[in-house]
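Asks: Sharing a structure below in C-alpha cells format, with a few things to ask.
Protein chains: 2
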Amino acid sequence: MTRTATLPDIRPAAPTAGDATRVAVSTVIFTLRRDRGADRASVVIPLVRRTRDPHEGLWALPGGWLDVAESLDTAAARTLAETTGLAPSFLEQLYAFGAVERSPSRVVSIVYWALLRSDEVIAADARENVQWFDAASLPRLAFDHNEIVDYALWRLRNKAGYSRIAHGLLADEFTLAQLREVYEAVLGRRLDPANFRRQVENSGNLIPTERFRTGSHRPARVYRYNQDVELADRGPLVRH
Amino acid sequence: MTRTATLPDIRPAAPTAGDATRVAVSTVIFTLRRDRGADRASVVIPLVRRTRDPHEGLWALPGGWLDVAESLDTAAARTLAETTGLAPSFLEQLYAFGAVERSPSRVVSIVYWALLRSDEVIAADARENVQWFDAASLPRLAFDHNEIVDYALWRLRNKAGYSRIAHGLLADEFTLAQLREVYEAVLGRRLDPANFRRQVENSGNLIPTERFRTGSHRPARVYRYNQDVELADRGPLVRH
Numbered sequence: 001m002t003r004t005a006t007l008p009d010i011r012p013a014a015p016t017a018g019d020a021t022r023v024a025v026s027t028v029i030f031t032l033r034r035d036r037g038a039d040r041a042s043v044v045i046p047l048v049r050r051t052r053d054p055h056e057g058l059w060a061l062p063g064g065w066l067d068v069a070e071s072l073d074t075a076a077a078r079t080l081a082e083t084t085g086l087a088p089s090f091l092e093q094l095y096a097f098g099a100v101e102r103s104p105s106r107v108v109s110i111v112y113w114a115l116l117r118s119d120e121v122i123a124a125d126a127r128e129n130v131q132w133f134d135a136a137s138l139p140r141l142a143f144d145h146n147e148i149v150d151y152a153l154w155r156l157r158n159k160a161g162y163s164r165i166a167h168g169l170l171a172d173e174f175t176l177a178q179l180r181e182v183y184e185a186v187l188g189r190r191l192d193p194a195n196f197r198r199q200v201e202n203s204g205n206l207i208p209t210e211r212f213r214t215g216s217h218r219p220a221r222v223y224r225y226n227q228d229v230e231l232a233d234r235g236p237l238v239r240h
Numbered sequence: 001m002t003r004t005a006t007l008p009d010i011r012p013a014a015p016t017a018g019d020a021t022r023v024a025v026s027t028v029i030f031t032l033r034r035d036r037g038a039d040r041a042s043v044v045i046p047l048v049r050r051t052r053d054p055h056e057g058l059w060a061l062p063g064g065w066l067d068v069a070e071s072l073d074t075a076a077a078r079t080l081a082e083t084t085g086l087a088p089s090f091l092e093q094l095y096a097f098g099a100v101e102r103s104p105s106r107v108v109s110i111v112y113w114a115l116l117r118s119d120e121v122i123a124a125d126a127r128e129n130v131q132w133f134d135a136a137s138l139p140r141l142a143f144d145h146n147e148i149v150d151y152a153l154w155r156l157r158n159k160a161g162y163s164r165i166a167h168g169l170l171a172d173e174f175t176l177a178q179l180r181e182v183y184e185a186v187l188g189r190r191l192d193p194a195n196f197r198r199q200v201e202n203s204g205n206l207i208p209t210e211r212f213r214t215g216s217h218r219p220a221r222v223y224r225y226n227q228d229v230e231l232a233d234r235g236p237l238v239r240h
C-alpha cells in the first residue's frame, strides 16, 4: 500500500495487504522456421516492440494486464490475440515470475507457453510491431523476459515429451525423420537416426500407423501422437 | 479498478488495470506418517484452521498475502513459517491458481509445494490451529484448496522422480525397501519388490553405495540420491 499510505482514506474498507502488486500475463510461443538455404530449422518466438515506458523500444513477450473478471487462462489467450493475432490450440501455464525488481512497479507475471504449427503461424495476421526471433539468439529484451525465454526453452528441451512436441509442432501424422528434424531444431544439434528411432519406440508415446510415405528415400512409416499420453501429462487441471 | 471507479482521483497517476487483484501464496507440504498399528505409511499435509471470514472455521493451506517488497519464494517461506513453524529445505513453485470465483474478492494464489522428512516435522513447534491430515481423505477445505491439493498429489505421483522423492522424504541414505515403502504411501498401493528394484536401477537416478544394512532380513544395499539429477530437474531457475 506504499503508494496510497499518505492519502486520506475515503475509499470503502479494502484489504490492506497484497494489493500494491499488479498481475500480468505473458506468453512464450515456440514454432519452427526454416530459412531459405539453411540446412536445418530453428525455433522462433514472436516478440512485440514496446511503445511506452518502461523499456520503450525494446522487444518484449506478448502479454498484458489480468482483468479482474477473467481467469488466468482467459487473460493469456486474450492478450496474445490482441497483441499478435495468434490463437494456439495449446496454451499452458509455465511459471509465475515475481522478483521484486523485475519492473519499476511491482508486477507478478503469470507466464504461459504454447507450441504452434507452421500452418497456424501463417493463418495469423502480420502485425507491424510484431517480429519473429530465433529463440537461441535474442537481443536484450524488456524486463526479465530473456530469463523467462531461457526457462521456457529449458522446459521445451527437457520436459516436453515426444507426444507433446509432435502434437504442438507437427501435423497430425508424421514420419520419424520429420520428428527428428523438430528435435534437432529444439536441441540445436544433430541426432543419430538409429538412436532416435529406438528412444521414440521405447517411449510408448507415439502410435505407429500401417501407412507409409514414399518419396526420394525408402518408404517411411507414418506415426501419430498418443492423445492419452498428452492428456495424462497435463493432469487434473485439464477441463476440456 | 471496480472498487475505486466512482471516487475522485486524488491519487498520483497510477496504473488503471491489473491492480484490483491481490496476490497470495499458499503451500502444500507433504510428509509421511505411520499411525500406530497401520500396516503402511500415509501421505499427510498440515492445514491451518481459518479464524476469520471467508470460510471461518474451515481448514486451509498455510499461506498469506504477498508483501510488495518480497519475492514469491520469500513470501512462501515466510507465510509458511508464520502459520506452521515449518521451514522445508525444498520449497518449489507449483502453479498459479486464478479462477475468478475462487474467493469473494479477486485473489491469485501462487502455490508452492514441499516435501518434508519426518525429523523436520518433529523439529517444528506444534501450533494450536495447525493439524495434519491424510492427503487422500481431506474434509471440505476453504476456497479451492481441495483442488489445489489434488493437483499437488497428482504432481507428486506422476512427476516427482525417484531422486526427488528419496531426497525429500527419506534420510540421506536408504535401502530400496525403504524407498519402496515411500512410493507405496504416495501411490496408495502395494508395489512388486522385484519390478520396483528394476525400475529404480534402470532410472539411473539413484547411486548405489558399497554399504549394506543388516537386520532381521538379508543384508540390503544402501543407496543415496543423485544430486546432479535433482538439480538438473529444477532447471535454470535454481540459484543456490
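Chains as they are written, first to last, in full-length UniProt numbering: chain V, 1 to 240; chain A, 1 to 240. Ideal Cβ positions, reconstructed from N, Cα and C, are used throughout, including at glycine.
1) Indicate whether residue 248 of chain V and V/Y112 have their beta-carbon atoms separated by less than 8 Å.
2) Work out the CA separation of A/R117 and A/A171 for me, nearest whole Å.
3) Would you kindly check if the distance between the Cβ of V/T27 and the Cβ of V/L72 is under 8 Å?
4) Verify the CB distance criterion: does V/G37 have a CB-CB separation below 8 Å to chain A?
5) Give me the Cα-Cα distance between V/V121 and A/W132, rounded to the nearest whole angstrom.
6) Would you tell me roughly how many angstroms separate the C-alpha atoms of A/Y162 and A/Q178, rounded to the nearest one?
7) Please name the residue or residues paired with V/T175 in a DSSP beta bridge.
8) Between which two residues does the alpha helix (DSSP H) containing V/R155 stretch?
9) By the DSSP assignment, the beta strand (DSSP E) with V/R49 in it spans what residues?
10) Looking only at its chain, what residues have a beta carbon closer than 7 Å to the beta carbon of A/N226, apart from the 5 residues adjacent to it on each side?
11) Grouping DSSP H, G and I as helix and E and B as strand, with all else coil, what is V/P193?
12) Can you name the start and end residues of the alpha helix (DSSP H) that V/T31 belongs to?
13) Using beta-carbon positions only, say whether V/R102 and V/R22 come within less than 8 Å of one another.
14) Tell me the DSSP secondary structure of V/L115 in three-state form.
15) Taking A/V43 and A/A185 to be in contact with their CB atoms under 8 Å, please state how far apart those CB atoms are, rounded to whole angstroms.
16) Does DSSP classify A/V121 as helix, strand or coil?
17) CB-CB under 8 Å to A/T2, same chain, minus the five flanking residues each way: which ones, in chain order?
18) Count the other CB atoms within 10 Å of the CB of V/R221; is the residue buried (16 or more) or exposed (fewer)?
19) If we define contact as Cβ-Cβ less than 8 Å, is V/S71 a contact residue for chain A?
20) Distance, Cα to Cα, A/D192 vs A/R198?
21) For chain A, check one thing: does any of its Cβ atoms lie closer than 8 Å to the Cβ of V/Y95?
22) Does V/L66 come out as helix, strand or coil in the three-state DSSP assignment?
23) Skipping 5 residues on each side, what residues in its chain have a beta carbon closer than 6 Å to that of A/F196?
24) Would you say V/L206 lies against chain A (beta-carbon separation less than 8 Å)?
25) Are the C-beta atoms of A/A76 and some chain V residue less than 8 Å apart?
26) With distance defined between alpha-carbon atoms, name the residue in A/E82, A/R49, A/L58 nearest to A/W65.
27) Could you check the C-alpha separation between A/D134 and A/I45 for me, to the nearest Å?
28) Can you give me the C-alpha to C-alpha distance between A/A126 and A/E70, rounded to a whole angstrom?
29) By a C-beta neighbour count over all protein chains shown, 10 Å radius and 16 as the cutoff for buried, is V/T31 buried or exposed?
30) According to the neighbour-count rule (16 or more other Cβ atoms, all chains shown, within 10 Å of its Cβ), is V/H217 buried or exposed?
31) Whose Cβ in chain A lies nearer than 8 Å to the Cβ of V/A166?
32) Compute the Euclidean distance between the alpha carbons of A/G168 and V/A166, then round it to the nearest angstrom.
33) Using a beta-carbon distance below 8 Å, is V/G85 in contact with chain A?
34) Apart from the five residues just before and just after V/T175, which ones in its own chain have a Cβ nearer than 8 Å to its Cβ?
35) For A/T21, go through chain V and note every residue whose CB falls closer than 7 Å to its CB, in chain order.
Replies: With the given structure in hand:
1) In this structure chain V extends from 1 to 240, so residue 248 of chain V is not present and cannot be described.
2) Looking up residue 171 of chain A in the second sequence gives position 171. Looking up residue 117 of chain A in the second sequence gives position 117. Cα atoms of A/A171 and A/R117: separation of roughly 7 Å, rounded to the nearest angstrom.
3) For the purposes of this step, residue 72 of chain V is taken as residue 72 along the first sequence, with counting starting at 1. For the purposes of this step, residue 27 of chain V is taken as residue 27 along the first sequence, with counting starting at 1. No; because the gap between Cβ atoms is not below 8 Å, this pair is not in contact.
4) Residue mapping note: residue 37 of chain V aligns to position 37 of the first sequence, counting from 1. By this cut-off, V/G37 is not an interface position.
5) Start at 1 with the first residue of the first sequence, and residue 121 of chain V comes out as number 121. Start at 1 with the first residue of the second sequence, and residue 132 of chain A comes out as number 132. Distance between V/V121 and A/W132, taken at the CA atoms: about 50 Å.
6) Position 162 of the second sequence holds residue 162 of chain A. Position 178 of the second sequence holds residue 178 of chain A. Distance between the alpha carbons of A/Y162 and A/Q178: 12 Å.
7) Position 175 of the first sequence, counted from the first residue, corresponds to residue 175 of chain V. DSSP, once it has assigned bridges, lists V/V222 as partnering V/T175.
8) Here residue 155 of chain V is taken as the residue at index 155 of the first sequence, counted from 1. 145-158 is the extent of the alpha helix (DSSP H) around V/R155.
9) Within the first sequence, the letter at position 49 stands for residue 49 of chain V. Counting along the chain, the beta strand (DSSP E) containing V/R49 begins and ends at 42-49.
10) Against the second sequence, residue 226 of chain A aligns to sequence position 226. The residues are S163, N205, L206, I207.
11) Within the first sequence, residue 193 of chain V is the residue found at index 193, counting from 1. The DSSP-derived three-state label of V/P193 is helix.
12) By 1-based counting over the first sequence, the position of residue 31 of chain V is 31. Under the DSSP assignment, V/T31 falls outside any alpha helix (DSSP H), being part of the beta strand (DSSP E) whose first and last residues are 22-33.
13) Within the first sequence, the letter at position 102 stands for residue 102 of chain V. Within the first sequence, the letter at position 22 stands for residue 22 of chain V. In this structure, V/R22 does not lie closer than 8 Å to V/R102 by Cβ.
14) Locating residue 115 of chain V in the first sequence gives position 115, where the first residue counts as 1. DSSP, reduced to helix, strand and coil, places V/L115 within a strand of the structure shown.
15) As a working mapping, residue 43 of chain A is identified with position 43 in the second sequence. As a working mapping, residue 185 of chain A is identified with position 185 in the second sequence. So it is a contact: roughly 6 Å between Cβ atoms.
16) As a position in the second sequence, residue 121 of chain A is number 121, starting the count at 1. Three-state DSSP puts A/V121 in a helix.
17) Indexing the second sequence from 1 puts residue 2 of chain A at position 2. Per-residue confidence for A/T2 stands at a pLDDT of 39, beneath the threshold of 50, marking its modelled position as unreliable; no derived number is given.
18) Counting from one through the first sequence, the residue named residue 221 of chain V turns up at place 221. By the neighbour-count rule (16 or more Cβ atoms within 10 Å), V/R221 is not buried but exposed.
19) The residue you call residue 71 of chain V lines up with position 71 of the first sequence. Look at V/S71: its C-beta is under 8 Å from a C-beta on chain A.
20) In the second sequence, residue 192 of chain A corresponds to position 192, counting from 1. In the second sequence, residue 198 of chain A corresponds to position 198, counting from 1. The alpha-carbon of A/D192 is positioned some 10 Å away from that of A/R198.
21) Position 95 of the first sequence, counted from the first residue, corresponds to residue 95 of chain V. Residue contact with chain A for V/Y95: present (Cβ-Cβ distance below 8 Å to some residue of chain A).
22) Indexing the first sequence from 1 puts residue 66 of chain V at position 66. Reduced to three states, the DSSP call for V/L66 is coil.
23) As a position in the second sequence, residue 196 of chain A is number 196, starting the count at 1. Same-chain partners within the cutoff: R180.
24) Along the first sequence, read from residue 1 onward, the residue named residue 206 of chain V stands at position 206. V/L206 is outside the set of residues whose beta carbon lies under 8 Å from a beta carbon in chain A.
25) Within the second sequence, numbered from 1, the residue matching residue 76 of chain A stands at position 76. No, because no Cβ of chain V sits closer than 8 Å to the Cβ of A/A76.
26) Residue 65 of chain A sits at position 65 when you count from the first residue of the second sequence. Checking every option, the nearest Cα to that of A/W65 belongs to A/E82.
27) Position 134 of the second sequence, counted from the first residue, corresponds to residue 134 of chain A. Position 45 of the second sequence, counted from the first residue, corresponds to residue 45 of chain A. Roughly 7 Å between the two C-alpha positions.
28) Here residue 126 of chain A corresponds to residue number 126 of the second sequence, with the count starting at 1. Here residue 70 of chain A corresponds to residue number 70 of the second sequence, with the count starting at 1. Roughly 27 Å between the two C-alpha positions.
29) Within the first sequence, numbered from 1, the residue matching residue 31 of chain V stands at position 31. It counts as buried.
30) Locating residue 217 of chain V in the first sequence gives position 217, counting from the first residue. By the neighbour-count rule (16 or more Cβ atoms within 10 Å), V/H217 is not buried but exposed.
31) Working through the first sequence from its first residue, we reach residue 166 of chain V at position 166. The contacting residues do not exist; V/A166 stays about 20 Å from chain A at best.
32) Within the second sequence, the letter at position 168 stands for residue 168 of chain A. Within the first sequence, the letter at position 166 stands for residue 166 of chain V. Whole-angstrom Cα-Cα distance: 33 Å.
33) Counted from its first residue, the first sequence places residue 85 of chain V at position 85. So, not an interface residue.
34) The residue you call residue 175 of chain V lines up with position 175 of the first sequence. Here the set comprises R213, A220, R221, V222, Y223.
35) Here the question's residue 21 of chain A lines up with position 21 in the second sequence. For a Cβ distance threshold of 7 Å, residue set V23, L66, V68 of chain V lies close to A/T21, ordered along the chain.
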